[in-house]
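First the structure, in the form of structure tokens, and then the observations on it.
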Amino acid sequence: MFNWETDEPFVPEPHKISENVFVIGASKKSGNVTQENIYNLADSLDLIKDQFDYVFIDSPPTAGTLQHAALSISDAVLIVTQPQALSVKGVHQLMTTTRQVQRRLNPDLKLLGVLVNLVKRPPSKNQLENETTLREQYGNIIFPTNLYDTVRVGEALEAGKSLAEFNPAAADKFGFTACCEEFIERLEANEVSA
Numbered sequence: 001m002f003n004w005e006t007d008e009p010f011v012p013e014p015h016k017i018s019e020n021v022f023v024i025g026a027s028k029k030s031g032n033v034t035q036e037n038i039y040n041l042a043d044s045l046d047l048i049k050d051q052f053d054y055v056f057i058d059s060p061p062t063a064g065t066l067q068h069a070a071l072s073i074s075d076a077v078l079i080v081t082q083p084q085a086l087s088v089k090g091v092h093q094l095m096t097t098t099r100q101v102q103r104r105l106n107p108d109l110k111l112l113g114v115l116v117n118l119v120k121r122p123p124s125k126n127q128l129e130n131e132t133t134l135r136e137q138y139g140n141i142i143f144p145t146n147l148y149d150t151v152r153v154g155e156a157l158e159a160g161k162s163l164a165e166f167n168p169a170a171a172d173k174f175g176f177t178a179c180c181e182e183f184i185e186r187l188e189a190n191e192v193s194a
């Protein structure tokens with residue numbers, strides 16, 4: 001768990017979830033982030049990042065201190081959204097926030113793109129309209145493949161596995177394999193480090 005109250009960097013203890021996935025949790029006090037805490041988080045991650053191919057920081061979808069903290073210490077940002085009207089507005093807000101962070105705090109921050117998640121099969125009329133709006137506004141920033149809504153994700157989580165490990169056919173069918181391949185391509189094209 002990351003300790004937001006320490007004045008010094010510390011070596012976080014990743015918890016092994018599966019062969020290739022480790023998690024470092026945050027506490028309820030994560031909302032009380034100061035600039036010094038952000039530096040400590042960055043320093044703490046520097047102590048362990050060479051042990052991993054990728055380090056992901058999952059932040060709240062709304063703009064705020066935690067989101068700014070994550071963006072200010074990240075190499076890249078992937079915006080994950082749903083094809084809903086409020087989520088489309090959220091993408092615009094996060095794009096604005098990302099540009100502000102690039103200008104003021106982290107000029108090396110790369111935008112990998114926007115991934116549309118939890119799409120129904122078949123998609124509803126509203127989902128199609130919202131996805132079309134995103135694709136018209138952001139073009140090739142939007143990943144070409146969507147992630148489709150499936151109960152298989154929950155089943156895989158309960159089994160402590162990724163969807164690709166749990167059910168490779170479902171990973172292909174619901175877009176997960178193609179999205180992972182696109183993600184890695186974009187990382188490599190931007191030469192983003194772990």
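Numbering (the UniProt record's numbering), first residue to last: 1 to 194. Quick reminder that beta carbons are idealized off the backbone N, C-alpha and C, glycines included.
In or out: residue 110 buried (at least 16 other Cβ within 10 Å) or exposed?
-> On the sequence shown, residue 110 is found 110 positions in, with the first residue counted as 1. Looking at its Cβ environment, which holds 16 or more other Cβ atoms inside 10 Å, residue 110 is buried.
Backbone secondary structure at residue 199 - three-state DSSP | With the chain covering only 1 through 194, there is no way to say anything about residue 199.
So, helix, strand or coil for residue 194, using DSSP?
-> Numbered from its first residue, the sequence shown carries residue 194 at position 194. Confidence in residue 194 is poor, its pLDDT being 42 and thus under 50, which makes the residue's placement unreliable; the coordinate value appears in the next sentence. If DSSP states are grouped into helix, strand and coil, residue 194 belongs with coil.
What residues match up with residue 110 in a beta bridge as DSSP calls it?
-> Translated into the one-based positions of the sequence shown, residue 110 becomes position 110. DSSP output for residue 110 lists 76 as bridge partner(s).
Residue 189 classed as buried or exposed, judged by whether at least 16 other C-beta atoms fall within 10 angstroms | Here residue 189 refers to the residue found at position 189 when the sequence shown is read from its first residue. Counting Cβ neighbours within 10 Å, residue 189 comes out exposed, since fewer than 16 surround it.
Is the region 133 to 140 in contact with the region 155 to 163, if contact means three or more CB pairs nearer than 8 Å?
-> no
Would you say residue 67 and residue 97 are within 8 Å of each other, going by their C-beta atoms?
-> Here the question's residue 67 lines up with position 67 in the sequence shown. Here the question's residue 97 lines up with position 97 in the sequence shown. For residue 67 and residue 97, yes; Cβs fall inside 8 Å.
Counted within 10 angstroms of its Cβ, other Cβ atoms place residue 100 as buried (16 or more) or exposed | To locate residue 100, count along the sequence shown from 1; it is residue 100. Exposed, because fewer than 16 other Cβ atoms sit within 10 Å of the Cβ of residue 100.
Alpha carbon to alpha carbon, how far is residue 63 from residue 93? Give it in angstroms, no decimals.
-> The residue given as residue 93 occupies position 93 in the sequence shown. The residue given as residue 63 occupies position 63 in the sequence shown. Their backbone Cα atoms lie some 8 Å apart in a straight line.
Which of helix, strand or coil DSSP assigns to residue 115 | Working through the sequence shown from its first residue, we reach residue 115 at position 115. Of the three classes helix, strand and coil, the one that applies to residue 115 here is strand, per DSSP.
Alpha helix (DSSP H) containing residue 87: first to last residue?
-> What you label residue 87 is simply residue 87 of the sequence shown in a count that begins at 1. Note, residue 87: alpha helix (DSSP H), 85 to 104.
So, using beta-carbon positions, are residue 166 and residue 156 closer together than 8 Å?
-> In the sequence shown, residue 166 corresponds to position 166, counting from 1. In the sequence shown, residue 156 corresponds to position 156, counting from 1. Yes. Within cutoff.
Own chain partners of residue 150 with C-beta closer than 7 Å, once the 5 adjacent residues on each side are dropped = As a working note, residue 150 is residue 150 in the sequence shown. Within the same chain, residue 150 has close Cβ partners 170 and 174.
Where does residue 142 sit, in a helix, a strand or coil, going by DSSP?
-> One-based indexing of the sequence shown puts residue 142 at position 142. Of the three classes helix, strand and coil, the one that applies to residue 142 here is strand, per DSSP.
Nearest CA to the CA of residue 148: which residue from 132, 135, 116 and 51?
-> Counted from its first residue, the sequence shown places residue 148 at position 148. Measuring from the Cα of residue 148, the nearest candidate turns out to be 116.
Candidates 78, 123 and 60: which alpha carbon is nearest residue 184's?
-> Taking the sequence shown and counting its residues from 1, the one referred to as residue 184 is at position 184. Closest by alpha carbon: 78.
Neighbourhood of residue 42 by C-beta, 7 Å cutoff - its chain only, sequence neighbours within 5 removed = Within the sequence shown, the letter at position 42 stands for residue 42. Closer than 7 Å at Cβ, skipping near neighbours: 73.
Under a Cβ-count criterion, where at least 16 other Cβ atoms within 10 Å of its own Cβ denotes burial, should residue 81 be classed as buried or exposed?
-> Along the sequence shown, read from residue 1 onward, the residue named residue 81 stands at position 81. Looking at its Cβ environment, which holds 16 or more other Cβ atoms inside 10 Å, residue 81 is buried.
Return helix, strand or coil for residue 153, following the three-state DSSP convention.
-> Translated into positions along the sequence shown, residue 153 becomes position 153. Helix at residue 153.
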